[in-house]
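Right, one structure below, let's go through it.
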Amino acid sequence: MSTISDAFEFSELYKNANKWHCVGVIIFYLPCDEMKVAFVASKKVGKSVLRNRAKRLLRVVFSSLSDTLSVGKYAFVAKSDFKDLDYLTFKKNVIWGLKKLKCLDPCV
Numbered sequence: 509m510s511t512i513s514d515a516f517e518f519s520e521l522y523k524n525a526n527k528w529h530c531v532g533v534i535i536f537y538l539p540c541d542e543m544k545v546a547f548v549a550s551k552k553v554g555k556s557v558l559r560n561r562a563k564r565l566l567r568v569v570f571s572s573l574s575d576t577l578s579v580g581k582y583a584f585v586a587k588s589d590f591k592d593l594d595y596l597t598f599k600k601n602v603i604w605g606l607k608k609l610k611c612l613d614p615c616v
């Protein structure tokens with residue numbers, strides 16, 4: 509698994525991917541033959557401490573679910589309301605969004 513770092517890849521993902529809005533996060537998913545992921549938190553989320561916390565939480569949730577995910581490109585964009593959620597609620601929302609995008613094993 510590698511990270512998405514190229515601006516072209518980001519623009520392709522934002523234009524062509526399926527997306528789902530959850531409480532605290534927006535999930536973009538584009539099926540392809542390799543596994544790539546990006547975690548994004550803009551300045552709208554808050555100061556650097558909050559942005560880094562959001563990306564840390566997204567990384568932990570993604571790593572706990574990565575075995576059950578379909579292969580493709582993922583972008584997790586933190587929203588400003590993530591700071592009102594505890595870890596379990598945040599993880600539950602991400603799981604729900606991934607199931608709606610049909611990229612997560614339904615028995616999770």
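Heads up: the sequence shown begins at 509 in our numbering, then just goes up one per residue. All C-beta atoms in this analysis are idealised placements derived from N, C-alpha and C, irrespective of residue type, glycine included.
**Message:** So for V602, helix, strand or coil by DSSP?
**Reply:** Position 94 of the sequence shown, counted from the start, is the residue given in the question as residue 602. V602: helix per DSSP, three-state reduction.
**Item:** Cβ pair count under 8 Å reaching 3, the segment 521 to 533 against the segment 602 to 613
**Value:** yes
**Message:** Please identify the residue among S571, F547, S572 whose C-alpha is closest to the C-alpha of A562.
**Reply:** Here residue 562 refers to the residue found at position 54 of the sequence shown. Residue F547 is the option with its Cα nearest to A562.
**Prompt:** Expressed to the nearest angstrom, what Euclidean distance is found between the alpha-carbon atoms of V569 and T597?
**Reply:** Indexing the sequence shown from 1 puts residue 569 at position 61. Indexing the sequence shown from 1 puts residue 597 at position 89. Cα to Cα, the separation comes out at about 11 Å.
**Asked** If you check the beta carbons only, do A496 and V553 fall under 8 Å apart?
**Response** The structure shown has nothing for residue 496, since the chain only spans 509 to 616.
**Message:** Rounded to the nearest angstrom, what separates L521 and L565 at their Cα positions?
**Reply:** What you label residue 521 is simply residue 13 of the sequence shown in a count that begins at 1. What you label residue 565 is simply residue 57 of the sequence shown in a count that begins at 1. In a straight line, the C-alpha of L521 is about 22 Å away from that of L565.
**Prompt:** Does the distance from the C-beta atom of Y595 to that of V545 stay below 8 Å?
**Reply:** Position 87 of the sequence shown holds residue 595. Position 37 of the sequence shown holds residue 545. No, these two residues do not count as a Cβ contact at 8 Å.
**Prompt:** For D541, which of K551, S510, S556, D592 has the nearest alpha-carbon?
**Reply:** Locating residue 541 in the sequence shown gives position 33, counting from the first residue. It is S510.
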